[in-house]
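If you count the sequence shown from 1, position 68 lands on 68 in the UniProt record's numbering, and the numbers rise without skipping. Here the structure comes first, spelled out in structure tokens, and everything after it is commentary.
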Amino acid sequence: MQTGFRIEKSMLKVLKGLAEYLDMPLGDLVEGIVLHAFEGKAPFSPETIAKIDQLKEVYSLTLTSADAHKLKEEP
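Laid out in structure tokens, this is it:
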């Protein structure tokens, strides 16, 4: 099902870059992350986490899990 939701800009860029790196659609990547989270499992290998770290640097993503549920939408 297609849906629309808001997501922080640099986070989306990292997710899109990761989906490209993994050669999969963005929706499949997000579904996989969510399914792993629902089971309390880590969704990524150490190699993939290293790629995520590179992408975070490229796209200036400085948010961490400590920022979850604290982000405010800018008008």
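Ideal Cβ placement from N, Cα and C applies to all residues, glycine included.
Exposed or buried, residue i, counting other C-beta atoms within 10 Å across all chains shown (16 or more means buried)?
i, result
"VAL58", "exposed"
"LEU61", "buried"
"LYS56", "buried"
Identify whether residue i lies in helix, strand or coil by the three-state DSSP scheme.
i, result
"HIS69", "coil"
"GLY4", "coil"
"ALA19", "helix"
"residue 77", "The structure shown has nothing for residue 77, since the chain only spans 1 to 75."
"GLY40", "coil"
When the Cα of residue i is compared with those of the options, which residue comes out closest?
i, options, result
"MET1", "GLU8, GLU31, PRO46", "GLU31"
Measure from the C-beta of residue i to each C-beta in chain C and report whether the shortest distance is under 8 Å.
i, result
"LEU61", "Protein chains in the displayed structure number just one, and chain C is not present."
Could you tell me whether the region 9 to 17 touches the region 46 to 58, using the rule of 3 or more Cβ pairs below 8 Å? yes
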